[in-house]
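Student: Here my numbering is used: the first residue of the sequence shown is 253, the next is one more, and so on. Where is the CB? At the ideal position from N, CA and C, for every residue including glycine.
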Amino acid sequence: MTIVTMVVFDGVQALDVSGPLDVFAEANRFLMPSDRYRLQTVSLDGAAVTCSNGLVLQAGQTWQDGVPVSDLLLVAGGPPVPGRLLPQDRQAWLRQACQQAHRFGAICNGIFLLGHAGLLAGRTVTTHWNDAAALAQLCPHARVEADRIYVEDGNLYSSAGVTAGIDLALYLLRRDHGPEVARNVAKRLVVVMQRAGGQSQFSPWLDAMADPASPIAEVQRQILAQLRQPWPVAELARLANMSLRSFTRSFSRETGMAPAQFIQRARIEAARNLLESGDLPIKGIAYECGFGDAGRMRQAFVRALGVSPQRYREAFRQRDPACRLA
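(1) What is the rounded straight-line gap between the Cα of His583 and the Cα of Leu408?
(2) Going along the chain, which residues of its own chain have a beta-carbon closer than 6 Å to the beta-carbon of Val259, five neighbours each way excluded?
(3) Hey, which unbroken runs of the beta strand (DSSP E) at 3 residues or more fall wholly within the stretch 343 to 411?
(4) Taking only three categories from DSSP, how would you classify Thr293?
(5) What span of residues does the beta strand (DSSP E) with Thr254 cover, start to end?
(6) State whether the stretch 366 to 373 contacts the stretch 326 to 346, with contact taken as three or more CB pairs (one from each stretch) at a distance under 8 Å.
(7) Identify whether Thr500 lies in helix, strand or coil by the three-state DSSP scheme.
(8) Look up Ala518 in the DSSP assignment and say whether it is helix, strand or coil.
(9) Roughly how many angstroms separate the alpha carbons of Arg550 and Pro561, rounded to a whole number?
(10) Report all residues from its chain with a CB closer than 6 Å to the CB of Tyr564; omit the five preceding and five following residues, and keep chain order.
(11) What span of residues does the alpha helix (DSSP H) with Gln551 cover, start to end?
(12) According to the Cβ coordinates, are Tyr289 and Thr314 closer than 8 Å?
(13) Is DSSP giving Leu267 helix, strand or coil here?
(14) Using only CA atoms, which one of His380, Pro334 and Phe356 lies nearest to Leu371?
(15) Indicate the three-state DSSP secondary structure (helix, strand or coil) for Leu425 in the structure shown.
(16) Let me know if Glu404 comes out buried or exposed under the rule of 16 or more other beta-carbons within 10 Å of its beta-carbon.
(17) Going by C-alpha to C-alpha distance, which of Gly335, Trp345, Arg517 and Leu307 sits closest to Asp317?
(18) In whole angstroms, give me the CA-to-CA distance for Cys391 and Gly406.
(19) Is the separation between the beta-carbon of Ser304 and that of Gln265 shorter than 8 Å?
(20) Which same chain residues, not among the five before or five after Phe543, have their C-beta less than 7 Å away from its C-beta?
(21) Using the rule of at least 16 other Cβ atoms within 10 Å of the residue's Cβ for burial, across every protein chain shown, is Gly393 buried or exposed?
(22) Can you tell me which of the three DSSP states Thr415 falls into?
(23) With 16 other CB atoms within 10 Å as the buried threshold, where does Gln472 fall?
(24) Can you tell me which of the three DSSP states Gln478 falls into?
(25) Do you know offhand how far Leu479's Cα is from Glu540's?
(26) May I ask you to report which of helix, strand or coil DSSP gives Val327?
(27) Quick one: give me the first and last residue of the beta strand (DSSP E) that Leu441 is part of.
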């Protein structure tokens with residue numbers, strides 16, 4: 253049994269709480285009783301907390317009930333967090349709770365509470381892109397990587413904005429119980445996510461991802477975080493600290509596809525999401541996703557999907573009238 257503790261408070265982002273906890277709850281469907289997760293919530297305020305969207309959550313206990321036993325302790329985020337300074341007694345409680353947990357971390361800007369508690373010095377973390385600069389100013393001795401979906405630094409875990417907490421939970425689940433369980437949970441939750449801009453956050457086809465501890469997985473994360481880069485295979489091999497031949501073989505063995513195929517698939521998937529969800533011009537999407545120009549993106553779409561980007565955008569909007577241009 254793995255005990256997962258989620259720390260909540262007044263103004264917490266509901267999805268920061270429910271998203272990761274739903275991952276672990278769904279995982280229990282696929283696990284033996286002895287391997288399942290036990291979920292608990294602890295409030296830094298009263299037992300009943302009001303989320304930023306007005307939803308009221310009833311926490312199982314409050315910080316005044318003592319430090320909970322936790323295998324994994326996560327602090328949720330929320331709109332008021334960057335400007336909130338906990339009283340000294342609650343900072344001490346949070347510090348002790350994290351130090352006693354086997355693993356600890358934060359969802360979105362919940363990382364600020366860990367920073368105030370003095371837990372980030374010398375550590376590498378991420379947060380919501382809009383709060384990254386403020387976090388770097390608050391914690392000058394921490395390394396803030398704003399373009400990452402999630403970051404693992406020893407036993408400290410952090411995620412980017414809101415739904416990236418689901419990505420982090422899936423990553424932890426995969427580490428605990430392997431790719432098959434994580435893949436089944438991702439399918440049940442229908443996890444598909446993409447944000448425009450420098451922080452390319454999406455859950456990319458778990459069946460094409462290498463083992464999280466593998467150098468190949470780190471290369472994949474670098475690719476997904478910086479799709480605009482050209483990514484020659486020799487550079488990827490250097491990042492993995494492998495020879496070109498060894499890297500190519502290892503990549504194909506661990507992911508089922510060649511490096512160039514993975515990069516192209518990542519770019520196409522990112523472009524599809526941008527075409528479906530926004531009004532960014534096709535030239536801009538081609539640049540953001542690393543195709544270089546609209547012509548190359550068109551060729552890639554026709555080869556992979558049988559339609560041009562423009563036709564893909566039009567077809568999507570015909571299926572979903574709410575997404576049509578006015």
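Tutor: In this structure, then:
(1) Here the chain covers residues 253 to 578 and nothing more, so residue 583 does not appear.
(2) Val294 and Val327
(3) 355 to 358, 402 to 405 and 408 to 411
(4) strand
(5) Thr254 to Val260
(6) yes
(7) helix
(8) helix
(9) 6 Å
(10) Leu527
(11) Ala546 to Leu557
(12) no
(13) helix
(14) Phe356
(15) helix
(16) buried
(17) Trp345
(18) 18 Å
(19) yes
(20) Arg519, Met549 and Ala552
(21) What sits at residue 393 in the sequence shown is His, not Gly. The residue in question, His393, is exposed, as its Cβ has fewer than 16 Cβ neighbours within 10 Å.
(22) coil
(23) buried
(24) coil
(25) 7 Å
(26) strand
(27) Counting along the chain, Leu441 falls outside any beta strand (DSSP E), though it belongs to the alpha helix (DSSP H) covering Pro431 to Leu441.
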